[in-house]
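Structure first, commentary second.
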Amino acid sequence: PRYNAQHIPQTGRQVEFCPSVGGGTNWQPEAFSPVTRLLYIPANNNLCSSMEGRDVVYAPGRGYAGAEFITYTRDDADHIGELQAWDVDSGERAWTRNFLSGNGGSILATGGNVLFLGGAGKAAFEAFDAVTGQPLWHLPTNTDRFGVPTSYSVDGVQYVAVQMGAQPLHTDTTHVASRLSGPQDGLVWVFALDCQC
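Residue numbers (the UniProt record's numbering): 1 to 197.
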(Lines of atoms letter the chains of each structure in order from A and count residues from 1; the text may use other names and numbers.)
(Lines give C-alpha, C1' and ligand atoms only; values in the text may rest on other atoms or scores of the structure.)
Protein backbone atom coordinates (compact mmCIF):
# COMPACT_ATOMS: atom_id res chain seq x y z
CA PRO A 1 0.00 0.00 0.00
CA ARG A 2 0.93 3.62 -0.48
CA TYR A 3 0.40 6.05 2.38
CA ASN A 4 0.01 9.82 2.29
CA ALA A 5 1.97 11.15 5.28
CA GLN A 6 -0.50 14.04 5.67
CA HIS A 7 -3.21 11.52 6.59
CA ILE A 8 -1.31 9.28 9.01
CA PRO A 9 -2.41 9.94 12.61
CA GLN A 10 0.29 10.79 15.11
CA THR A 11 0.25 11.58 18.79
CA GLY A 12 -0.96 15.13 19.27
CA ARG A 13 -1.71 15.66 15.57
CA GLN A 14 -5.22 15.48 14.12
CA VAL A 15 -5.69 14.23 10.57
CA GLU A 16 -8.69 13.59 8.33
CA PHE A 17 -9.06 10.73 5.87
CA CYS A 18 -11.58 8.93 3.69
CA PRO A 19 -12.71 6.20 3.83
CA SER A 20 -13.27 6.19 7.57
CA VAL A 21 -11.61 4.02 10.23
CA GLY A 22 -14.15 1.36 9.25
CA GLY A 23 -12.57 1.18 5.81
CA GLY A 24 -14.14 1.14 2.38
CA THR A 25 -15.10 -2.43 3.19
CA ASN A 26 -14.61 -4.47 6.32
CA TRP A 27 -15.40 -7.94 7.69
CA GLN A 28 -18.39 -8.64 5.48
CA PRO A 29 -17.51 -11.22 2.82
CA GLU A 30 -17.38 -10.49 -0.86
CA ALA A 31 -18.61 -13.01 -3.42
CA PHE A 32 -17.18 -14.21 -6.73
CA SER A 33 -19.12 -15.76 -9.59
CA PRO A 34 -17.18 -18.00 -11.98
CA VAL A 35 -20.11 -17.60 -14.38
CA THR A 36 -19.98 -13.78 -14.66
CA ARG A 37 -16.28 -13.50 -13.71
CA LEU A 38 -17.30 -10.64 -11.42
CA LEU A 39 -16.23 -10.00 -7.83
CA TYR A 40 -19.04 -8.46 -5.77
CA ILE A 41 -17.95 -6.17 -2.93
CA PRO A 42 -20.08 -4.61 -0.18
CA ALA A 43 -18.54 -1.17 0.26
CA ASN A 44 -18.98 2.15 2.04
CA ASN A 45 -17.85 5.42 0.54
CA ASN A 46 -18.36 9.02 1.61
CA LEU A 47 -17.72 8.22 5.28
CA CYS A 48 -14.59 9.92 6.60
CA SER A 49 -12.81 10.09 9.95
CA SER A 50 -10.93 12.67 11.93
CA MET A 51 -8.35 11.08 14.24
CA GLU A 52 -5.71 12.22 16.70
CA GLY A 53 -3.25 9.92 18.42
CA ARG A 54 -3.24 10.17 22.22
CA ASP A 55 -0.83 9.00 24.89
CA VAL A 56 -2.64 6.37 26.91
CA VAL A 57 -1.73 4.27 29.92
CA TYR A 58 -3.06 0.73 29.94
CA ALA A 59 -5.75 0.08 32.55
CA PRO A 60 -7.54 -3.29 32.67
CA GLY A 61 -11.14 -3.09 31.54
CA ARG A 62 -10.76 0.27 29.79
CA GLY A 63 -10.39 1.19 26.13
CA TYR A 64 -6.80 1.19 24.88
CA ALA A 65 -7.01 2.54 21.34
CA GLY A 66 -4.48 5.32 21.78
CA ALA A 67 -6.56 7.63 19.63
CA GLU A 68 -9.69 9.69 19.57
CA PHE A 69 -11.72 9.81 16.40
CA ILE A 70 -15.04 10.78 14.94
CA THR A 71 -16.68 9.44 11.82
CA TYR A 72 -18.73 11.71 9.61
CA THR A 73 -20.43 11.83 6.23
CA ARG A 74 -18.91 14.00 3.51
CA ASP A 75 -20.95 17.17 2.92
CA ASP A 76 -21.42 16.41 -0.78
CA ALA A 77 -22.41 12.75 -0.27
CA ASP A 78 -25.52 11.46 -2.00
CA HIS A 79 -25.02 7.91 -0.69
CA ILE A 80 -22.85 5.87 1.66
CA GLY A 81 -23.28 2.17 0.92
CA GLU A 82 -22.46 0.48 -2.36
CA LEU A 83 -22.65 -2.93 -3.96
CA GLN A 84 -19.76 -2.98 -6.43
CA ALA A 85 -19.12 -5.51 -9.21
CA TRP A 86 -15.55 -5.80 -10.54
CA ASP A 87 -14.43 -7.73 -13.62
CA VAL A 88 -11.54 -9.90 -12.41
CA ASP A 89 -10.11 -10.27 -15.93
CA SER A 90 -9.97 -6.57 -16.85
CA GLY A 91 -9.74 -5.06 -13.35
CA GLU A 92 -12.51 -2.63 -14.33
CA ARG A 93 -15.64 -1.87 -12.36
CA ALA A 94 -18.64 -3.39 -14.16
CA TRP A 95 -21.40 -1.66 -12.19
CA THR A 96 -22.32 -0.14 -8.81
CA ARG A 97 -25.59 0.02 -6.86
CA ASN A 98 -25.73 2.91 -4.37
CA PHE A 99 -27.53 2.84 -1.01
CA LEU A 100 -28.48 5.87 1.05
CA SER A 101 -27.05 4.40 4.25
CA GLY A 102 -24.07 2.18 5.03
CA ASN A 103 -23.73 -1.32 3.59
CA GLY A 104 -22.81 -3.74 6.36
CA GLY A 105 -24.15 -6.79 4.55
CA SER A 106 -22.58 -9.89 3.08
CA ILE A 107 -23.18 -11.11 -0.46
CA LEU A 108 -24.14 -14.49 -1.85
CA ALA A 109 -23.67 -15.10 -5.59
CA THR A 110 -25.65 -18.02 -7.02
CA GLY A 111 -25.12 -20.09 -10.15
CA GLY A 112 -28.37 -18.65 -11.51
CA ASN A 113 -26.83 -15.14 -11.72
CA VAL A 114 -28.70 -13.84 -8.69
CA LEU A 115 -27.04 -11.97 -5.81
CA PHE A 116 -28.52 -11.92 -2.32
CA LEU A 117 -27.69 -9.10 0.07
CA GLY A 118 -28.98 -8.05 3.47
CA GLY A 119 -27.89 -5.12 5.59
CA ALA A 120 -27.50 -2.44 2.94
CA GLY A 121 -28.50 0.20 5.48
CA LYS A 122 -32.11 -0.83 5.66
CA ALA A 123 -34.23 -3.55 7.17
CA ALA A 124 -34.57 -5.64 4.00
CA PHE A 125 -33.19 -8.75 2.32
CA GLU A 126 -32.70 -8.16 -1.40
CA ALA A 127 -31.85 -9.91 -4.65
CA PHE A 128 -30.04 -8.37 -7.62
CA ASP A 129 -29.21 -9.45 -11.15
CA ALA A 130 -25.55 -10.52 -11.00
CA VAL A 131 -24.84 -9.30 -14.56
CA THR A 132 -26.48 -5.85 -14.45
CA GLY A 133 -26.96 -5.09 -10.75
CA GLN A 134 -30.65 -4.38 -11.28
CA PRO A 135 -32.92 -5.11 -8.29
CA LEU A 136 -34.97 -8.30 -8.66
CA TRP A 137 -36.63 -8.74 -5.28
CA HIS A 138 -36.99 -6.90 -1.96
CA LEU A 139 -38.36 -8.23 1.33
CA PRO A 140 -38.79 -5.94 4.36
CA THR A 141 -37.40 -7.63 7.49
CA ASN A 142 -37.27 -7.04 11.23
CA THR A 143 -33.68 -5.71 11.27
CA ASP A 144 -30.89 -4.21 9.17
CA ARG A 145 -28.24 -6.54 10.67
CA PHE A 146 -27.54 -9.73 8.73
CA GLY A 147 -25.18 -12.66 8.80
CA VAL A 148 -23.71 -14.26 5.69
CA PRO A 149 -26.36 -15.71 3.34
CA THR A 150 -25.95 -19.33 2.30
CA SER A 151 -27.60 -21.56 -0.27
CA TYR A 152 -28.31 -25.29 -0.30
CA SER A 153 -30.53 -27.81 -2.07
CA VAL A 154 -32.92 -30.43 -0.68
CA ASP A 155 -34.79 -32.80 -3.00
CA GLY A 156 -34.08 -30.56 -5.98
CA VAL A 157 -35.34 -27.37 -4.33
CA GLN A 158 -32.80 -24.59 -3.82
CA TYR A 159 -32.98 -22.61 -0.58
CA VAL A 160 -31.33 -19.40 0.60
CA ALA A 161 -30.94 -18.91 4.35
CA VAL A 162 -29.67 -15.94 6.35
CA GLN A 163 -29.35 -15.09 10.04
CA MET A 164 -30.77 -11.72 11.03
CA GLY A 165 -30.50 -9.60 14.14
CA ALA A 166 -27.80 -7.76 16.11
CA GLN A 167 -27.25 -4.30 17.50
CA PRO A 168 -26.45 -1.59 14.92
CA LEU A 169 -22.79 -0.62 14.91
CA HIS A 170 -22.85 2.99 13.72
CA THR A 171 -26.34 4.34 14.22
CA ASP A 172 -24.95 7.84 14.63
CA THR A 173 -23.57 7.85 11.08
CA THR A 174 -26.49 6.34 9.18
CA HIS A 175 -29.14 8.42 7.48
CA VAL A 176 -31.91 6.03 8.45
CA ALA A 177 -31.01 5.54 12.12
CA SER A 178 -33.92 7.67 13.28
CA ARG A 179 -36.37 5.37 11.47
CA LEU A 180 -34.97 2.10 12.82
CA SER A 181 -36.79 0.31 15.58
CA GLY A 182 -34.94 -1.96 17.96
CA PRO A 183 -33.75 -5.10 16.17
CA GLN A 184 -34.87 -8.57 17.16
CA ASP A 185 -32.00 -11.00 17.68
CA GLY A 186 -31.54 -14.60 16.69
CA LEU A 187 -33.75 -15.15 13.65
CA VAL A 188 -32.94 -17.37 10.67
CA TRP A 189 -34.97 -16.75 7.54
CA VAL A 190 -35.09 -19.46 4.86
CA PHE A 191 -36.45 -18.91 1.34
CA ALA A 192 -37.27 -21.55 -1.28
CA LEU A 193 -36.39 -20.50 -4.83
CA ASP A 194 -38.82 -21.30 -7.64
CA CYS A 195 -40.48 -23.96 -5.53
CA GLN A 196 -43.62 -25.70 -6.78
CA CYS A 197 -44.27 -26.84 -3.19
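Glycine is no exception: its CB is placed at the ideal position from the N, C-alpha and C atoms.
Start-to-end residues for the beta strand (DSSP E) that takes in residue i
i           : result
residue 93  : 93 to 99
residue 124 : 124 to 129
residue 58  : Element bounds for residue 58: n/a, residue is neither H nor E.
residue 27  : Taken as a continuous stretch (DSSP letters only), residue 27 belongs to no beta strand (DSSP E), as it is neither H nor E.
residue 14  : 14 to 17
residue 87  : 81 to 87
residue 90  : Element bounds for residue 90: n/a, residue is neither H nor E.
residue 196 : No beta strand (DSSP E) contains residue 196, which DSSP labels as neither H nor E.
Residue i, DSSP secondary structure in three states
i           : result
residue 138 : strand
residue 6   : helix
residue 34  : coil
residue 148 : coil
residue 41  : strand
residue 72  : strand
residue 11  : strand
Distance, residue j Cα to residue i Cα
i           : j           : result
residue 70  : residue 149 : 31 angstroms
residue 120 : residue 51  : 26 angstroms
residue 10  : residue 80  : 27 angstroms
residue 102 : residue 157 : 33 angstroms
residue 133 : residue 98  : 10 angstroms
residue 96  : residue 163 : 25 angstroms
Whole-number beta carbon distance between residue j and residue i, since they are thought to touch under 8 angstroms
i           : j           : result
residue 109 : residue 115 : 6 angstroms
residue 125 : residue 143 : With 8 angstroms as the limit, residue 125 and residue 143 do not qualify as a contact, their Cβ atoms being about 10 angstroms apart.
Residue burial classification, residue i (beta-carbon count within 10 angstroms, cutoff 16)
i           : result
residue 153 : exposed
residue 137 : exposed
residue 27  : exposed
residue 82  : buried
residue 54  : exposed
residue 85  : buried
residue 66  : exposed
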